[in-house]
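Numbering (our numbering), first residue to last: 1 to 315. Here a beta-carbon is modelled for each residue, glycine too, at the ideal position from N, C-alpha and C. Shown next, in structure tokens, is the structure this report addresses.
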Ligand SMILES: Nc1nc2c(c(=O)[nH]1)N[C@H]1C(S)=C(S)[C@@H](COP(=O)(O)O)O[C@H]1N2
Ligand SMILES: [Mo]
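Right under this line is the structure:
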């Protein structure tokens, strides 16, 4: 499939890499809240030029209580079954994944479908830092400073049609690079989906970094979804396809065990997982347990998405 290129900024609008980095360093040290990422045309030339913008991401009001989970915990305790089912497998094996070049296919019910270089997908989007709680269905949690941008802004650029009711995401399928895919543990490729209104919600982001740096492969480089009010399995990693469609799809975990891992997957302390309760969680790096909050604490922002839906009946 041919790779479509979005219109590029004029060369005269581009600041050379070195100058850019020096200015970025200066801005960082001058402690201001200025952000280069918000200034159009300031990203440097070259492959993966977007990585130069990660450290400039401005923090947003969606901050979180408590301390950030240390970076070494976020990058060494992972679920990424494409690299194995143990928590330390992804950190050990994900270096096999080649994230550059990378393309993303955006197709289905959109006016502007195609396969795009990641560089071009990212170029128009200012990055933000979003500090979010991540609550895994297995009852552990972290607080992660993601760098990314709103999924809704990307979808709008591709002009969803009136028939676009669901957004489906797929991870790369390549057993050469992802040795976990040589075993039939899941129906590869990993597939996840959101309702279109969930996908357009401003809390829903695509992440390209964490702690102001490039996303480590084990965390889903180069592009992963983050939906902070849902269990972690919705936040699909290493995305190569975003497909809009009218019918609700069957997602990977739902197909595997529909009574344990549902489509909605809204964090809910009142609804048990069949094999354990969800009332509390273990925050990685802390001793003891915390109470789990409904919607993972984001109810003020997202509860109205579920008006008229009995969330205790929809896992
Ligand atoms: N492609 C893919 N995406 C995935 C997973 C996976 O196994 N494969 N695991 C999910 C689960 S269960 C969780 S809890 C989060 C973990 O994200 P983290 O390792 O960055 O903390 O990724 C989610 N995204
Ligand atoms: Mo998870």
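In the DSSP secondary-structure assignment, residue 106 is bridged to 114 and 242. In the structure shown, residue 83 falls within a helical segment according to DSSP collapsed to helix, strand and coil. In this structure, the straight-line span from the alpha carbon of residue 175 to that of residue 182 is close to 6 angstroms.
Using a C-beta cut-off of 8 angstroms, the segment 150–164 makes contact with the segment 202–213, since at least three inter-stretch Cβ pairs fall below that distance. Counting of Cβ neighbours within 10 angstroms places residue 288 among the exposed residues, the total staying below 16. The Cβ atoms of residue 161 and residue 189 lie no closer than 7 angstroms to each other.
Here DSSP, grouped into helix, strand and coil, assigns residue 213 to strand.
In this structure, residue 81 has its beta carbon less than 6 angstroms from a heavy atom of ligand 1. Residue environment for residue 56: buried (at least 16 other C-beta atoms within 10 angstroms of its C-beta). For residue 230, the distance from the CB to the nearest heavy atom of ligand 1 is not below 6 angstroms.
Counting along the chain, residue 200 sits inside the alpha helix (DSSP H) bounded by residues 196–200.
Judged by DSSP in its simplified three-state form, residue 51 adopts helix. Annotation for residue 237 indicates a beta carbon within 6 angstroms of some heavy atom of ligand 1. The segment 281–296 and the segment 255–269 touch, with three or more beta-carbon pairs separated by less than 8 angstroms.
The Cβ atoms of residue 216 and residue 132 do not sit closer than 7 angstroms to each other. Taking 8 angstroms as the upper bound for CB-CB distance, residue 236 and residue 224 are in contact here, some 7 angstroms apart. Straight through space, the alpha carbons of residue 251 and residue 117 are spaced by roughly 26 angstroms. Residue 143 and residue 239 do not touch by the CB rule: their CB atoms are close to 23 angstroms apart, not below 8 angstroms.
Per the coordinates, the alpha-carbon of residue 234 lies some 6 angstroms from the alpha-carbon of residue 192. In the DSSP assignment, residue 145 falls within the unbroken beta strand (DSSP E) covering 140–150. Per DSSP, residue 75 lies in no alpha helix (DSSP H) and is assigned neither H nor E.
Relative to the non-hydrogen atoms of ligand 2, the Cβ of residue 233 comes within a distance shorter than 6 angstroms of at least one. Taking the Cβ of residue 217 as the reference point, every heavy atom of ligand 1 lies at 6 angstroms or farther away.
Shortest Cα-Cα distance from residue 79 to any of 246, 219, 196 and 315 involves 219. Here the alpha carbon of residue 106 sits roughly 16 angstroms from the alpha carbon of residue 222. CA-CA distance, residue 211 to residue 128, rounds to 11 angstroms. Placement of the Cβ of residue 78 at a distance of less than 6 angstroms from at least one heavy atom of ligand 1 is found. Residue 95 sits in a helix when the DSSP states are folded into three classes. For residue 166, the uninterrupted beta strand (DSSP E) run begins and ends at 166–171, by DSSP. CA-CA distance, residue 167 to residue 68, rounds to 30 angstroms.
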